[in-house]
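Report on one structure; see the data block that follows.
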Amino acid sequence: MSEIGERVKKIVVEHLGVEPEKVVDSASFIDDLGADSLDTVELVMAFEEEFGCEIPDDAAETILTVGDATKFLEKNAKS
Amino acid sequence: MRRVVVTGLGMLTPLGCGVDATWARILAGDSGCKKIDTFEVSDLPSQVACYIPRGDGSGGTFNPDQWMEPKDQRKVDDFILYAMCAAKQALDDADWHPKSDEDQFATGTMIGSGIGGLTGIAETAVLLKERGPRRISPFFIPGRLINLASGYVSIEHGLKGPNHAVVTACSTGAHAVGDAARLIALGDAEVMVAGGAESPISRIGIAGFCAARALSTGFNDTPQKASRPYDKDRDGFVMGEGAGVLVLEEYEHAKRRGAKIYAEVTGYGLSGDAFHITSPPPDGNGGFRSMSMALKRAGLAASDLDYINAHGTSTQVGDEIELGAVERLLGNAASKVSMSSTKSATGHLLGAAGAIEAIFAVLAIRDNVVPPTINLDNPSVQTAIDLVPHTSRKRDVNVALSNSFGFGGTNASVIVQRVTN
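Chains Z and G, in that order, give the protein sequences. Quick note: the first sequence uses this note's numbering, first residue -8, plus one each step. Quick note: the second sequence uses this note's numbering, first residue -11, plus one each step.
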């Protein structure tokens, strides 16, 4: 997993309180990791904070899995 | 009206996590007060508070992870976490874990708070100013709202009856017990999980009550002496944190399922002072009327009372006004009644106070013992009423009344008594 992928995984484990093994690229935040709609809003905020970038609402709507987040941040991360 | 009994108790107080842990230390005359060490106090007049004892969960300590998932703890202010802790204890104690639709629909929640998520609101206001609205968590609002204590408890335990919350400052806990009992009496629920929770020990909380000149300021170096109701050297209350929750149940429902029955809630009185936002009227007529109404509701005379758990916060003005109202209520019966303020040991838990004190009243009946008013070295006035100075005392307790009075001139009195058939 990429360095950005590792950082994404760490945030997801911390915020959703899930086992690290479950946080794989194909895992859906809502369907596989038990997040609700408010959790996903907070996750996006945590990504913004960690990677120093803004994730607009229309982009956030396309981030449904761990892999989606990693892919987006590999392109857009500023820190 | 249908009869309402107490079948479960749960508490988290500055004296311990759990009813047994707290009660043992109350009866031993311990104080839960210490120097504030979680934030800067050098510029605050009051520097003492009654913290819940955090630890690994052993020896009566509070381990948050035993009561709420860490990921959920992050989303809420502590009063909700404390409510979750006390509510689980109470439901386990009552052995009431409703699973069927019928049982879930018949079980409600009424857990209030005086202030709710003050700390989280203060921190988020700073975040908003410094970083802007995009940094505000989606959990900011649902984690601070007072009724979310009831909300979280109802979700955790599948309680689908009335989902309500009381907000009446320092009489919240007593109003919650009284109002929840009333919902059962009127048939809106068979079981209610009722009480209060508070987490006010923060810089803004202490600063706010200091500004209102409500807190003790003269015992910063001897914190365990700071809360001293009725004593001539008292100089304000000591802030406390925690939660108290009771499981209230319709009498026949409790009997049918063979539940352990602690006591019956027979009296409840409420009144307003219509006088001042923070001070009671000098004649204490609001407290007098709420006590009188509770006696009337219970069908009792003042001479039937054995124990009164006083509001008694250790403020200069309030203690003597309440005492005067109680003397007027009791008349010639004053010498047979014991009245103590357990706030001398726990500090003032604001919205949780009335709930933990209703529990102490129930335990006084169960064990035929009255808890002490600690630090009462020199009463500021003479009274025929036994104020139970320093040490607990064995005595018959069949009828107990608990008083709670709040800012805004709101008063509540709850009477619990030994169950008779």
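Beta carbons are placed, not taken as given, at the ideal position from N, Cα and C, and that holds for glycine.
C-beta neighbour in chain Z for residue i, strict 8 Å
i        : result
G/Arg123 : yes
G/Phe263 : no
G/Phe127 : yes
G/Pro58  : yes
Beta-carbon spacing of residue i, residue j below 8 Å
i         : j         : result
Z/Ser19   : Z/Thr61   : no
G/Val253  : G/Val165  : yes
G/Leu317  : G/Thr371  : no
G/Asp219  : G/Ser101  : no
G/Thr(-5) : G/Glu240  : no
G/Pro217  : G/Thr361  : yes
G/Asn151  : G/Ser142  : yes
G/Leu136  : G/Ile189  : no
Z/Val57   : Z/Val9    : no
Z/Lys13   : Z/Cys44   : no
G/Ala413  : G/Ser215  : Nothing in the structure corresponds to residue 413 of chain G, since chain G is present only between -11 and 409.
G/Thr95   : G/Gly149  : yes
G/Ala231  : G/Met(-1) : yes
G/Asp83   : G/Ala247  : yes
G/Val404  : G/Ala162  : no
G/Glu118  : G/Leu337  : no
G/Leu(-3) : G/Ala113  : no
G/Arg122  : G/Leu115  : no
G/Gly306  : G/Ala37   : no
G/Leu234  : G/Ala71   : no
Z/Leu29   : G/Phe127  : yes
G/Gly6    : G/Gly48   : yes
G/Thr134  : G/Ser34   : The sequence given here places Ile at residue 134 of chain G; Thr does not occur at that position. No. Outside cutoff.
G/Ile14   : G/Pro269  : no
G/Ala349  : G/Ser390  : yes
G/Ala153  : G/Ile99   : yes
Neighbour flag for residue i against chain G, beta carbons, 8 Å
i         : result
Z/Val57   : no
Z/Leu29   : yes
Z/Val(-1) : no
Z/Gly8    : yes
Z/Val3    : no
Z/Val32   : yes
Where the alpha helix (DSSP H) through residue i begins and ends
i        : result
G/Gln405 : Careful: G/Gln405 lies outside any alpha helix (DSSP H), inside the beta strand (DSSP E) at 398 to 405.
Z/Phe63  : 57 to 67
G/Ile14  : 7 to 15
Z/Glu3   : First, the amino acid is wrong: residue 3 of chain Z is Val here, not Glu. Where Z/Val3 is concerned, the enclosing alpha helix (DSSP H) stretches over -6 to 7.
G/Val114 : 106 to 119
G/Met227 : Here G/Met227 belongs to no alpha helix (DSSP H), and DSSP marks it neither H nor E.
G/Arg277 : 273 to 286
Z/Thr31  : 28 to 42
Z/Ala50  : 48 to 51
N-terminal and C-terminal residue of the beta strand (DSSP E) that residue i is part of
i         : result
G/Tyr256  : 251 to 260
G/Ile265  : From DSSP, G/Ile265 is part of no beta strand (DSSP E); its letter is neither H nor E.
G/Thr(-5) : -8 to 1
G/Ile296  : 295 to 297
G/Val235  : 230 to 238
G/Ala388  : 387 to 394
- Jot down the residue ranges of each uninterrupted alpha helix (DSSP H) in the segment 45 to 104 of chain G, minimum 4 residues, whole runs only, in chain order. Listed in chain order, the complete alpha helix (DSSP H) runs (minimum 4 residues) inside the segment 45 to 104 of chain G are 58 to 61, 66 to 82, 89 to 93.
- Give a yes or no on contact between the segment 378 to 388 of chain G and the segment 34 to 46 of chain G, applying the rule of three or more CB pairs nearer than 8 Å. Inter-segment contact for the segment 378 to 388 of chain G and the segment 34 to 46 of chain G is absent: fewer than three beta-carbon pairs are separated by less than 8 Å.
- In chain order, each beta strand (DSSP E) run of at least 3 residues that lies wholly inside the segment 144 to 214 of chain G: DSSP runs (the beta strand (DSSP E)) wholly in the segment 144 to 214 of chain G: 179 to 186.
- Query: Using 8 Å as the Cβ pair cut-off and three pairs as the minimum, do the segment 366 to 377 of chain G and the segment 271 to 285 of chain G touch?
  - Reply: The segment 366 to 377 of chain G is not in contact with the segment 271 to 285 of chain G.
- Where in the segment 312 to 371 of chain G do unbroken runs of the beta strand (DSSP E), each at least 3 residues long, occur, reported from the N-terminal end onward? Listed in chain order, they are 326 to 328.
- Determine contact between the segment 330 to 339 of chain G and the segment 298 to 306 of chain G, defined as no fewer than three beta-carbon pairs at a distance below 8 Å. Result yes; three or more Cβ-Cβ pairs closer than 8 Å.
- With contact counted as at least three CB pairs below 8 Å, one residue from each stretch, are the segment 396 to 404 of chain G and the segment 242 to 261 of chain G in contact? The segment 396 to 404 of chain G, when compared against the segment 242 to 261 of chain G, does touch it at the 8 Å Cβ threshold.
- Is the segment 75 to 87 of chain G touching the segment 168 to 175 of chain G in the sense that three or more CB pairs, one from each, lie closer than 8 Å? As far as the Cβ criterion goes, the segment 168 to 175 of chain G does not touch the segment 75 to 87 of chain G, which means the pair count is below three.
- Message: With a threshold of 8 Å, are at least 3 pairs of Cβ atoms found where one atom belongs to the segment 57 to 76 of chain G and the other to the segment 103 to 110 of chain G?
- Response: Enough Cβ pairs lie closer than 8 Å, so yes.
- Query: Do three or more CB pairs link the segment 285 to 295 of chain G to the segment 188 to 204 of chain G at distances below 8 Å?
  - Reply: The segment 285 to 295 of chain G vs the segment 188 to 204 of chain G: no contact.
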